[in-house]
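Worksheet for the structure shown next.
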Amino acid sequence: MVPVQWYLLLATAVFCIGLFGILTRKNALLFLMSVELMLNAANINLVAFSAYWGNVTGQTFSLFTMALAAAEVAVGIGIILVLYRNFDDVDVTLAREMRW
Amino acid sequence: MTTKPELRTGSHLLPGLAAVALFVVIAAVVLRASFGDPQGFASDASITASIGYAMFNLGMGEIPGEGMLVAFEIIDVVLVAALAAAVMLARREEDGNMVALLADGGREITDRLGDDGTEDSPAADGRPAADQGGDR
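For the record, the sequence lines run as chains U and V.
Using numbering that gives the first Met the number 0, the first residue of the first sequence is number 0, and each one after it goes up by one.
Using numbering that gives the first Met the number 0, the first residue of the second sequence is number 0, and each one after it goes up by one.
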């Protein structure tokens with residue numbers, strides 16, 4: 000069995016790549032991809048500890064997290080569409096007010 | 000001549016150092032932590048069936064797990080709400096115009112304002128002012 004520390008290290012790397020993308024990019028689509036990376040890092044942790052402790056709660060919960068990620072992407076893409084229609088761009092720094 | 004994507008370097012990458020630092024800190028903690036002896040799944044246990052039983056609170060799985068029926072129902076509602084919200088955000092009107100949630104991004108209303116701050120009417124491009132977003 001692979002030591003659980005390596006799974007945690009993988010999850011940390013994936014999470015930090017997502018965080019790096021959010022901190023350094025302005026494209027809303029790349030933001031969405033970065034958030035997905037961070038959510039999937041959490042999934043890796045859930046599944047790794049599920050296997051580690053011999054309990055399926057973590058794996059079951061990771062399925063719900065994936066469904067939540069799908070819902071988030073659906074709304075996120077809708078918001079990006081509206082952003083593009085209004086600003087002709089998907090740069091997140093253009094929209095500075097909640098109402099314009 | 001072929002081109003390949005290049006990483007644009009510059010000062011905009013500086014905030015990313017926070018992510019790199021976070022990785023270093025977590026990796027240092029994780030690699031030195033001990034989690035006890037792993038238990039693992041029984042070799043003859045059906046993991047998929049156990050997940051299915053746990054998801055619907057049936058309690059018949061070979062592998063222990065908490066019931067997730069309430070979470071299942073909540074996610075069900077959230078997915079339907081997200082689907083409806085995505086359709087509402089992305090839909091076009093019946094005549095094909097994309098006017099749902101359309102605003103001007105602060106540009107056209109600035110163009111339409113005269114030097115004294117009053118709104119010029121009609122708009123310079125011939126469209127009625129009501130079609131240009133503005134305060135919508």
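All residues carry an ideal CB built from backbone N, CA and C; glycine is no exception.
Bear in mind that the values here come from a model prediction, so they are computed numbers and not experimental data.
Strand pairing of Asp-90 (chain U), partner residues [DSSP]: U:Asn-26
For Gln-4 (chain U) and Gly-35 (chain V), the rounded distance between their alpha carbons: 11 Å
Between V:Leu-78, V:Gly-58 and V:Ala-85, which lies nearest to Gly-75 (chain U) when the distance is taken from Cα to Cα? Selected option, being the one with the closest Cα: V:Ala-85.
Please look up how many angstroms separate the CB atoms of Tyr-83 (chain U) and Val-89 (chain U), rounded, as I've assumed it's under 8 Å. Tyr-83 (chain U) to Val-89 (chain U), Cβ: 6 Å. Contact.
Straight-line gap, Leu-6 (chain V) to Leu-22 (chain U) (C-alpha atoms, nearest Å): 15 Å
With a Cβ-Cβ cutoff of 8 Å, do Ala-32 (chain V) and Ala-73 (chain U) count as a contact? No, the pair does not count as a contact, with Cβ atoms beyond the cut-off.
Counting only C-beta atoms, is Cys-15 (chain U) closer than 8 Å to chain V at any point? yes
Who are the neighbours of Gly-58 (chain V) on chain U, taking C-beta pairs under 7 Å? Within chain U, no C-beta atom comes nearer than 7 Å to that of Gly-58 (chain V); the closest sits roughly 12 Å away.
Residue of U:Asn-39, U:Met-37, U:Val-13 and U:Ala-50 minimising C-alpha distance to Asn-2 (chain U): Sequence inspection shows Pro at residue 2 (chain U); the Asn mentioned does not correspond to that position. Answer by Cα proximity: U:Ala-50.
By how many angstroms is the C-alpha of Leu-78 (chain V) removed from the C-alpha of Leu-18 (chain U)? 25 Å
Is the CB-CB distance between Met-67 (chain V) and Thr-59 (chain U) below 8 Å? The criterion of a C-beta distance shorter than 8 Å is satisfied by Met-67 (chain V) and Thr-59 (chain U).
Use the C-beta contact count for Val-55 (chain U): other C-beta atoms within 10 angstroms, 16 or more gives buried, fewer gives exposed. Buried.
Between Thr-11 (chain U) and Phe-22 (chain V), is the Cβ-Cβ spacing less than 8 Å? yes
Closest to Arg-91 (chain V) by CA distance: which of U:Met-97, U:Phe-86, U:Leu-80 and U:Arg-95 is it? U:Leu-80
Any beta-carbon of chain V closer than 8 Å to the one on Asn-39 (chain U)? False, the Cβ-Cβ gap to chain V never drops below 8 Å.
Determine whether the beta carbon atoms of Leu-38 (chain U) and Gly-57 (chain U) lie at a separation below 8 Å. no
In terms of residue numbering, what span does the alpha helix (DSSP H) encompassing Val-29 (chain V) cover? Unbroken alpha helix (DSSP H) run through Val-29 (chain V): 15-31.
Indicate the three-state DSSP secondary structure (helix, strand or coil) for Ala-10 (chain U) in the structure shown. helix
Beta carbon proximity, Val-29 (chain V) to chain U, threshold 8 Å: yes
State yes or no: is the beta carbon of Phe-55 (chain V) nearer than 8 Å to at least one beta carbon in chain U? no
Start and end of the alpha helix (DSSP H) containing Asp-47 (chain V)? Per the sequence presented here, residue 47 (chain V) reads as Thr, with Asp not at that position. It spans 46-54 - the alpha helix (DSSP H) in which Thr-47 (chain V) sits, taken as one unbroken run.
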